[in-house]
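Heads up: the structure comes next, in C-alpha cells.
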C-alpha cells in the first residue's frame, strides 16, 4: 500500500532526512539549505528534523558522520587568547586524529571527500561553516577569512602528511613536538599584520 | 605463437617496463627497486630500460606521470640560499599548479593517490625521493628530514585547500600574496633552531 502525506517518525524517516540533507548540502551548500527544505524533500514535518537532529549544524555534522562537533572543542582551545592558540589547536587536532575512535572515521571522511567533487564540497562546507567560521567568531582580527583558510591549509597538510601519506618522520613524531614546531605557524597566520598584504614589486626575487 | 626470451624494443615493451616499474615502486619503494629487477619483471634487457627512460629517477617520474621533474626546478629555487627560499618555493609551486598544462595532470595524480593506499605510497615515494630528498641535498641544516616533511605538510595543505577543496579566499588569492604570506612559514621550518626540539613540560598548557 502506497503511503501518502507526511511521514511519521521511524528509522526510515531518519534515514530519509539524512539522505535529503546530504543531497541539499552538497548541491546548494550549507547556508542555502534550510531545515524546512530538507523536511519537504524527505516528506516529513520540519519539527521531526529538529526532533532527530537538533540544529542545522548538528544535522550537517550527522550527514558527514563527523566524529565530533568542532563547536565543542574550539572555544576551549581559543579561550586562552590568540597568542599560543596555534600550539593548542595543533595539539587538539592531533589528539582527535591519533585516537582511533575519532581518528579512523575522520580519516575515512577525508579519503572519501578527496575522491569526488561531490564529497569534496561537503568537506569544504564542513571546514568553512563548522570549523573556520567558529574560529573566526572567537577571534577579533582583520582578514579573518584569509587567516583561517591559511590555518586550514597547514592543518589539512599536517593531516595529509601524517595520516594519509604517512611521510616520515612526521608520521611518527610525538604530537607535542609537532605542536611546538607548527604552533607558531598558526599563531602567525592568525596575528601577523603582513598576512594578506600585497608584496612589494619584485619581492619574489 | 608464444614468445620466448627477452623482448626487444617496441611500444609494448615500453608499456611492460612501465607496468613492472609501477608495481615494483609501489610494492618495494623507490630505494629497494633496481632497474635490473624492473627489466627482469618486464622480460627485457636493463639496457632497454635505460634506453627508454634514462635514470631510475626518470623511470619513476614516468610511472607516476609527473608533469615535470622537480630536479629541474628545485636547484634554481634554492640557489639564492635558504633565507627567502620559502617565498620562492611557494611561488614556484603555485606557478606549476596554476598552469593547466602542468597543474591538471598534477591534480589528477594527487586525487588518485589519495584514493588508495597503493597510490598514496607512490605519492609518498615521489615526495620523499624526488622532492624532499633533493631539497635536503641543497641545504646544510640539522634535522633536515623533519624540516622538509614539515615543508611538505604546508605545501600539500596549500594544494589541498586551493585546488582540491577550493576553500575561499585561498582558492582565488593571487599567487604573489600567498607566496608572501606562506613563505615565512617555509623559511622557519627550514631554519628555526626550535624545530624538532622537545617542548618544555606543560608547554601545551
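Residue numbers (my numbering), protein chains in the order written: chain V, 1 to 205; chain S, 1001 to 1205.
Ideal placement from N, C-alpha and C gives every residue a C-beta, glycine not left out.
Source: prediction; values computed, not measured.
Nearest neighbour of residue i, chosen from the options [CA to CA]
i                       : options                        : result
residue 173 of chain V  : S/1150, S/1188, S/1184, S/1156 : S/1150
residue 1048 of chain S : S/1018, S/1131, S/1075         : S/1018
residue 1092 of chain S : S/1146, S/1057, S/1180         : S/1180
residue 1013 of chain S : S/1042, S/1138, S/1030         : S/1042
residue 1085 of chain S : S/1161, S/1193, S/1188         : S/1188
residue 1182 of chain S : V/171, V/175, V/199            : V/199
residue 108 of chain V  : S/1107, S/1114, S/1106         : S/1114
residue 1094 of chain S : S/1112, S/1157, S/1133, S/1137 : S/1157
residue 1096 of chain S : S/1051, S/1066, S/1080, S/1054 : S/1066
residue 1128 of chain S : S/1110, S/1152, S/1195, S/1138 : S/1152
residue 1176 of chain S : S/1090, S/1111, S/1145         : S/1090
residue 1194 of chain S : S/1159, S/1144, S/1178         : S/1144
residue 159 of chain V  : V/137, V/111, V/136, V/31      : V/111
residue 60 of chain V   : V/197, V/26, V/137             : V/26
residue 62 of chain V   : V/28, V/87, V/16               : V/16
residue 52 of chain V   : V/78, V/10, V/28               : V/10
residue 76 of chain V   : V/196, V/138, V/56             : V/138
residue 78 of chain V   : V/136, V/22, V/50              : V/136
Contacts around residue i, its chain only, beta-carbon distance under 6 angstroms, and the 5 residues preceding and following it disregarded
i                       : result
residue 191 of chain V  : 82
residue 131 of chain V  : 70
residue 185 of chain V  : 154
residue 1161 of chain S : 1167, 1170
residue 1034 of chain S : none
residue 178 of chain V  : none
Contacts around residue i, its chain only, beta-carbon distance under 8 angstroms, and the 5 residues preceding and following it disregarded
i                       : result
residue 2 of chain V    : Bear in mind that a pLDDT of 47 at residue 2 of chain V, under 50, signals an unreliable position, so the model cannot answer this.
residue 1204 of chain S : Note that residue 1204 of chain S has pLDDT 47, beneath the 50 cutoff, so the model's placement of it is unreliable and the number below is only indicative. Contacts found: none.
residue 1141 of chain S : 1082, 1147, 1190, 1191
residue 1080 of chain S : 1088
residue 1024 of chain S : 1033, 1037, 1038, 1041
residue 1050 of chain S : 1035
residue 1058 of chain S : 1069
residue 1054 of chain S : none
Boundaries of the alpha helix (DSSP H) in which residue i is found, first to last residue
i                       : result
residue 1160 of chain S : Element bounds for residue 1160 of chain S: n/a, residue is neither H nor E.
residue 181 of chain V  : 175 to 191
residue 1023 of chain S : 1011 to 1028
residue 138 of chain V  : 133 to 138
residue 166 of chain V  : No alpha helix (DSSP H) holds residue 166 of chain V; DSSP gives it neither H nor E.
residue 1057 of chain S : 1056 to 1063
residue 1126 of chain S : Residue 1126 of chain S -> no alpha helix (DSSP H), and no H or E assigned at all.
residue 1037 of chain S : 1035 to 1042
residue 70 of chain V   : 70 to 78
residue 1049 of chain S : 1046 to 1053
residue 255 of chain V  : The question about residue 255 of chain V has no answer, for chain V in this structure spans 1 to 205.
Neighbourhood of residue i by C-beta, 7 angstroms cutoff - its chain only, sequence neighbours within 5 removed
i                       : result
residue 1106 of chain S : 1067, 1096, 1097
residue 134 of chain V  : 70, 71, 74
residue 64 of chain V   : 109, 122, 126
residue 20 of chain V   : 38, 41, 42
residue 30 of chain V   : 60, 125, 129
residue 1036 of chain S : 1046
residue 56 of chain V   : 35
residue 22 of chain V   : 63
residue 196 of chain V  : 143, 146
residue 28 of chain V   : none
TODO: Determine contact between the region 1115 to 1122 of chain S and the region 1090 to 1102 of chain S, defined as no fewer than three beta-carbon pairs at a distance below 8 angstroms.
DONE: no
Open item on the list: Counting beta carbon pairs with one atom in the region 1156 to 1171 of chain S and one in the region 119 to 138 of chain V, are three or more of them shorter than 8 angstroms?
Closed with: yes
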